[in-house]
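A short write-up of the structure that comes next.
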Amino acid sequence: MAVVVPEVTLSSSDGLAIPVIGMGTMSSPPVGPEITKDAIIEAIMAGYRHFDTAFVYRTEQPLGEAIAEALRLGLVKSRDELYISSKLWCSFGEKGLILPAINMSLRNLQLDYLDMYLIHWPLKLSEEVRQMPAKKEHISPLDIKSVWEAMEECKSLGLTKGIGVSNFTCKQLEELLSTAKIPPAVNQVEMNPLWQQKKLREFCKARGIQVTAYSPLGAFNTKWGDNRILECYVLEEIAKAKGKTTAQISLRWLYEQEVSSVAKSFNKERMKQNLDIFDWSLTEEESNKISQLPQRKGITFASIFGPHDWLLQLDAED
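FYI, the numbering for the sequence shown is 835 to 1152, going by the numbering used here.
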């Protein structure tokens, strides 16, 4: 029987609700589209209704095919049962390129609208960039005001129900909020028990911005991730005492912080395990142990785009 995932209503998106656990679709290194499609169908059968993609992941098309297949098979009754988020890639980070970019994502997904469209990173890449890290001259700061105006237009036109950001710091959110007509509904950032982002969480909560955690399990088996979460002694001890996995402890901790999560697993059993976090809780002692874990960021601007001076300054803002 499929798990029913709780939802949180987003404060700035006209009653739109986000399922608190979603499935990430990015694989590094990439896998074939059929593998991605089949995994998404399995996830829908397990109870997932929130799927996270991005133009740069190259998974919009298989996600769209999986949605069409799920509708055909009756696994979901209508598109409205799903929450689909995608992201504006940095190469399209200027006002005149954003409507074409979201329309391209919608064509890839075979959808009429997104539930959430996020600015992927708060920077702009020149069009000739094809791989990372990028050369310094190909990276520039994002014109947040004009780009956000175009994001607001995407929402006004009904191309997306909600708009938000990803990888934004408190300082960048302040800049955005100073001119935004529609505030961001979501800030999707790296977050897990070993990178808890308490300051950012408090900032977002005070302003009605829902935090969504990516890499909630440490992004193991990617070029930038590691196994720190799954091999964390404190999490292992708590998991052992509760008869759970370390992944479940991490996801439950995030849920108790009122943070939604996007976890990627294409393994059928782990998909199900990652949803099995809603009928138990952490004790106060267990939560305190997690809150005292040493903190270290896993993903930085410099690690993705290159060790350029102003990117190192962005990383220092956190």
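Even glycine gets a Cβ: it sits at the ideal position worked out from N, Cα and C.
Can you tell me the Cα-Cα spacing of residue i and residue j, whole angstroms?
i       : j       : result
Glu903  : Arg1104 : 22 Å
Met1025 : Ser912  : 32 Å
Ala888  : Lys921  : 5 Å
Lys979  : Met966  : 26 Å
Ser925  : Gln1147 : 21 Å
Pro969  : Asp1143 : Reading off the sequence, residue 969 comes out as Lys, not Pro. Each residue's Cα considered, the two are about 12 Å apart.
Ile1064 : Thr1079 : First, the residue type needs correcting, since residue 1064 is Leu and not Ile in the sequence shown. So the two alpha carbons sit approximately 8 Å from each other.
Glu1071 : Glu1120 : 10 Å
Gly927  : Leu991  : 19 Å
Lys989  : Glu983  : 10 Å
Val842  : Lys1039 : 13 Å
Leu952  : Asp1113 : 31 Å
Here's a check: name, in chain order, each residue in its chain whose Cβ is nearer than 7 Å to the Cβ of residue i, leaving out the five neighbours to either side.
i       : result
Lys1015 : Glu986
Leu1085 : Ile855, Pro1050, Ser1095, Ala1097, Asn1108, Ile1111
Lys1033 : Cys1004
Helix, strand or coil for residue i per DSSP?
i       : result
Phe1112 : coil
Lys958  : strand
Tyr882  : coil
Gln1091 : coil
Ser861  : coil
Glu1024 : strand
Thr1134 : coil
Ile973  : strand
Gln965  : coil
Ala1014 : coil
Thr870  : helix
Gln1129 : coil
Ala900  : helix
I'd like to confirm the pairing. Which residues does DSSP put opposite residue i in its beta bridges?
i       : result
Ile852  : Val842
Tyr803  : Residue 803 lies beyond the residue range present for the chain, which begins at 835 and ends at 1152; the question has no answer from this structure.
Tyr891  : Partner(s): none; Tyr891 has no beta bridge.
Trp1029 : Asn1026
If I'm right that residue i touches residue j with Cβ under 8 Å, what's the distance once you round it to whole angstroms?
i       : j       : result
Pro956  : Gln1022 : That pair is no contact at about 12 Å.
Leu976  : Lys995  : Their Cβ separation, rounded to whole angstroms, is 23 Å, which puts Leu976 and Lys995 out of contact at 8 Å.
Val1045 : Met950  : Actually they do not touch by this definition, with Cβ atoms about 13 Å apart.
Leu1088 : Pro1128 : The pair is not a contact, with the Cβ atoms about 18 Å apart (cut-off 8 Å).
Ala834  : Ala880  : Absent from the model: residue 834. The displayed extent of the chain is 835 to 1152, so no value can be given.
Ile932  : Val981  : 7 Å
Gln1091 : Arg1035 : 7 Å
Might you give, ordered along the chain, the residues of its own chain that have their beta carbon closer than 6 Å to the beta carbon of residue i, omitting 5 neighbours on each side?
i      : result
Val890 : Trp923
Pro840 : Val854
Taking 8 Å as the limit between beta carbons, can you name the residues of its chain near residue i, skipping five residues before and five after?
i       : result
Thr870  : Thr859, Ser861, Thr893, Pro896, Leu897, Ala900, Phe1100
Asp1149 : Lys1131, Thr1134, Phe1135, Ala1136
Val865  : Phe1100
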